[in-house]
Amino acid sequence: MHKQVHIYFILILSFIFCEHTNCFGQLVQDKKQRAVVVQDSNLHINLKEIKIKGHRRSKRKHYRSSRRYWRTVRNLQIVYPYAEMANQTINQLNEDLKQIHSKRERRKLIRQEYKGLMKAYKKPLMQLKISQGKLLMKLIDRETGSTSYYHLKELKGSTTAFFWQTIASMFGTSLKSEYEPEGQDWMIEEILERMKKGEIPPPRKLNLKLETEISGKNKK
């Protein structure tokens, strides 16, 4: 029965998130020749064109006033709590599984966790936009310290694996994608740090009923 629910969930989300995302190419530095004439001689020197770029900090300062920056802020305020919840769920599930040696009991716990996740996350995740879903995938790696692919590999067939697979299928994101705080994800990292310092309003809190509902089932 849980497989049918999983497939139904993916089909619904595939209709909702069926748009195409924009791809941004990288600029390639052009090399041009310049002729330098010294007095009356015909001395020619080939020079590479030099492009002067501003300091990284000035670039980031400029981004802080951009629409993209504040759109990312709003998206983080929405999806970051789900990444935190996912991290807590994984840690708790791993701890619970360590105490269970029976395969039957382990499968039973995983099924219970899966049903709890579906009931708690299905409706809010279906309301996410494409950009928010992709951001959530990044945050999963940030919070757990491992890619979704790793979790899928370690807990194949478990509730966690189904959860990551559902998220990846929703937004067409690779399970091997990594969070790069010093690279392409610097903006996300900076915003989260500013939220911690109180410079930007923090993420909203999830409904406590979701946490109670899931944890309550695990204790039974």
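Everything in the sequence shown is counted per the working numbering, starting at 8 for the first residue and increasing by one. Glycine residues also receive a C-beta, built at the ideal position from the N, C-alpha and C atoms.
{"Query": "Exposed unless 16 or more other CB atoms sit within 10 angstroms - verdict on residue 29", "Result": "In this prediction, residue 29 scores a pLDDT of 31, lower than 50, which makes its location untrustworthy; the coordinate-derived value is nonetheless stated afterwards. Flag for residue 29 reads exposed."}
{"Query": "Under the three-state DSSP convention, the category residue 103 falls into", "Result": "helix"}
{"Query": "Cβ neighbour criterion (16 or more within 10 Å) applied to residue 88", "Result": "buried"}
{"Query": "Separation of residue 193 from residue 199, as counted between CA atoms", "Result": "10 Å"}
{"Query": "Separation of residue 152 from residue 170, as counted between CA atoms", "Result": "17 Å"}
{"Query": "Buried or exposed by the 16-neighbour rule on C-beta atoms within 10 Å, applied to residue 115", "Result": "exposed"}
{"Query": "Reduced DSSP secondary structure (H/G/I, E/B, other) of residue 124", "Result": "helix"}
{"Query": "Euclidean distance between Cα positions of residue 126 and residue 132", "Result": "11 Å"}
{"Query": "DSSP three-state assignment for residue 89, whether helix, strand or coil", "Result": "helix"}
{"Query": "Counted within 10 angstroms of its Cβ, other Cβ atoms place residue 145 as buried (16 or more) or exposed", "Result": "buried"}
{"Query": "Euclidean distance between Cα positions of residue 202 and residue 121", "Result": "31 Å"}
{"Query": "CB of residue 208 within 8 Å of CB of residue 84, strictly", "Result": "yes"}
{"Query": "Span separating the alpha-carbon of residue 80 from that of residue 184", "Result": "21 Å"}
{"Query": "Reduced DSSP secondary structure (H/G/I, E/B, other) of residue 84", "Result": "helix"}
{"Query": "N-terminal and C-terminal residue of the alpha helix (DSSP H) that residue 206 is part of", "Result": "Neither: residue 206 is in no alpha helix (DSSP H) and is coded neither H nor E."}
{"Query": "Own chain residues within Cβ distance below 6 Å of residue 142, not counting five before or after", "Result": "82, 86"}
{"Query": "Sequence-distant residues of the same chain with beta carbon closer than 6 Å to residue 70, five excluded per side", "Result": "76"}
{"Query": "Euclidean distance between Cα positions of residue 92 and residue 106", "Result": "22 Å"}
{"Query": "Nearest-angstrom Cα separation, counted from residue 191 out to residue 34", "Result": "Confidence at residue 34 is low in this model, with a pLDDT of 30, below 50, so its placement is unreliable and no value can be given for it."}
{"Query": "Bounding residues of the alpha helix (DSSP H) (the contiguous stretch that carries residue 136)", "Result": "First-last for residue 136: undefined, no H or E at that position."}
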